[in-house]
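In the working numbering, the protein residues as written are 1322 to 1500.
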């Protein structure tokens, strides 16, 4: 049996996109939860992998994305989740963390077979990533209090779909890496 990795989806963000006003209240509520998950994962030497949208900036790398987000007006949503030197980082261009990224290869290299997905947006990138993980025969866990949403009803439906159709374990973050 392999390891569990914490996957942080799209939290390095400037929040200057069309749905940002709807997303930010939910993002604000999950930042402390994700921060706690990061701390607990790092204490256990679990791989922490940030998979982040490149926002159409094809010349950007993770450092530039982080610097831009930290220089923006919503830096308070990014600073507590800042990657460490031991964090791994994959840049993505579309909704799924797997779509045309080296993530699957990286997971194999790290002997990871279980993913804890946190971040944003529940009804978009988290949902599509959970599906792609499922079809790759990876176990998926989604802490419901560590995923941000734009639309509550769609997020609730997405969590039910992940649990029912993808055999994901949907739980509270306190149930993971309990102290």
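Ideal placement from N, C-alpha and C gives every residue a C-beta, glycine not left out.
When you compare the CB positions of residue i and residue j, do they come within less than 8 Å of one another, or not?
i            : j            : result
residue 1375 : residue 1399 : no
residue 1355 : residue 1440 : yes
residue 1470 : residue 1444 : yes
residue 1334 : residue 1414 : no
residue 1427 : residue 1329 : no
Tell me, to the nearest whole angstrom, how far the beta carbon of residue i is from that of residue j; I am working on the premise that it is less than 8 Å.
i            : j            : result
residue 1422 : residue 1468 : So it is not a contact: roughly 19 Å between Cβ atoms.
residue 1464 : residue 1437 : 7 Å
residue 1359 : residue 1386 : Rounded, the Cβ-Cβ distance is 17 Å, inconsistent with contact.
residue 1362 : residue 1324 : Going by Cβ atoms, the distance from residue 1362 to residue 1324 rounds to 11 Å, so no, they are not a contact pair.
Alpha carbon to alpha carbon, how far is residue j from residue i? Give it in angstroms, no decimals.
i            : j            : result
residue 1349 : residue 1393 : 15 Å
residue 1461 : residue 1388 : 30 Å
residue 1493 : residue 1434 : 20 Å
residue 1416 : residue 1495 : 27 Å
residue 1342 : residue 1396 : 15 Å
residue 1384 : residue 1491 : 31 Å
residue 1453 : residue 1419 : 7 Å
residue 1481 : residue 1466 : 14 Å
residue 1353 : residue 1364 : 17 Å
residue 1410 : residue 1404 : 8 Å
residue 1430 : residue 1477 : 33 Å
residue 1357 : residue 1351 : 10 Å
residue 1484 : residue 1442 : 16 Å
Use the C-beta contact count for residue i: other C-beta atoms within 10 angstroms, 16 or more gives buried, fewer gives exposed.
i            : result
residue 1339 : exposed
residue 1450 : buried
residue 1486 : exposed
residue 1456 : exposed
residue 1500 : Its pLDDT being 42, under 50, residue 1500 is placed unreliably in this model, and the value from its coordinates should be taken loosely. So residue 1500 counts as exposed.
residue 1331 : buried
Consult DSSP for residue i and reduce its assignment to one of helix, strand or coil.
i            : result
residue 1464 : strand
residue 1371 : strand
residue 1414 : coil
residue 1447 : helix
residue 1491 : strand
residue 1364 : helix
residue 1355 : helix
residue 1422 : coil
residue 1403 : coil
residue 1325 : strand
residue 1384 : helix
Compare the C-beta of residue i with all C-beta atoms of chain B and state if any pair is closer than 8 Å.
i            : result
residue 1426 : Of the chains in the structure shown, none is chain B; there is only one protein chain.
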